[in-house]
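Engineer: A single structure is presented below for examination.
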Amino acid sequence: MPPYVLCSNRQAFELARRAPASLQALGEIKGFGRKTVETHGAAILEVLHGAQPQRGSDRPDPVQKMDGDDPVDPAANPALPAELPPHAEPAVGQSGPSDS
Numbered sequence: 078m079p080p081y082v083l084c085s086n087r088q089a090f091e092l093a094r095r096a097p098a099s100l101q102a103l104g105e106i107k108g109f110g111r112k113t114v115e116t117h118g119a120a121i122l123e124v125l126h127g128a129q130p131q132r133g134s135d136r137p138d139p140v141q142k143m144d145g146d147d148p149v150d151p152a153a154n155p156a157l158p159a160e161l162p163p164h165a166e167p168a169v170g171q172s173g174p175s176d177s
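Pasting the structure below:
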């Protein structure tokens, strides 16, 4: 069953925000009626709580910027020219380069 059939984006947001731990708490979220909770509630809770990462355990360490590791710094990236050619402004009344 596609997720949008089961719940709207707003309901999915509320699921993530509230993280209901019981069928009763799930039923308190607007849009999750008795029939949906009875039919799909247990599966929704299982997926919801199975998908939540354990804080700090599965997350990679943040990337640390290293000196000289700037991709837009010509000194650090030999693929870039040391200087860009000057950009000439079009004369008054003329347009810039054509896109065609």
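In terms of our numbering, the sequence shown opens at residue 78 and continues consecutively.
Ideal placement from N, C-alpha and C gives every residue a C-beta, glycine not left out.
(1) Would you say the beta carbon of H164 is closer than 7 Å to some non-hydrogen atom of the ligand MN?
(2) Just to confirm the assignment, what range does the alpha helix (DSSP H) spanning G104 have?
(3) Which class does A165 belong to by DSSP, given the choice of helix, strand or coil?
(4) By DSSP, does V127 sit in helix, in strand, or in coil?
(5) Note the first and the last residue of the continuous alpha helix (DSSP H) segment covering A96.
(6) Would you grab the beta carbon distance between G108 and S85 for me? Rounded to a whole angstrom, and I think it's under 8 Å.
(7) Measuring only the C-alpha atoms, how far is S177 from A165?
(8) When you compare only the Cα positions, how much space is there between A102 and L122?
Structural biologist: If we stick to the structure as given:
(1) Of ligands this structure carries none, so the ligand MN is not represented either.
(2) For the purposes of this step, residue 104 is taken as the residue at position 27 of the sequence shown. First-last of the alpha helix (DSSP H) with G104: L100 to G104.
(3) The residue labelled residue 165 in the question sits at position 88 within the sequence shown. Looking at A165 - three-state DSSP - the assignment turns out to be coil, as it is neither helix nor strand.
(4) Residue mapping note: residue 127 aligns to position 50 of the sequence shown, counting from 1. The question names Val, but residue 127 in the sequence shown is Gly. Helix.
(5) Here residue 96 is taken as the residue at index 19 of the sequence shown, counted from 1. No alpha helix (DSSP H) holds A96; DSSP gives it neither H nor E.
(6) Here the question's residue 108 lines up with position 31 in the sequence shown. Here the question's residue 85 lines up with position 8 in the sequence shown. G108 to S85, Cβ: 6 Å. Contact.
(7) As a working mapping, residue 177 is identified with position 100 in the sequence shown. As a working mapping, residue 165 is identified with position 88 in the sequence shown. At S177, the pLDDT of 49 sits below 50, so the modelled position is not reliable; the number obtained from the coordinates is stated separately. When rounded, the distance between both Cα atoms is 19 Å.
(8) The count along the sequence shown starts at 1 and reaches residue 102 at position 25. The count along the sequence shown starts at 1 and reaches residue 122 at position 45. Approximately 10 Å between the Cα atoms of the pair.
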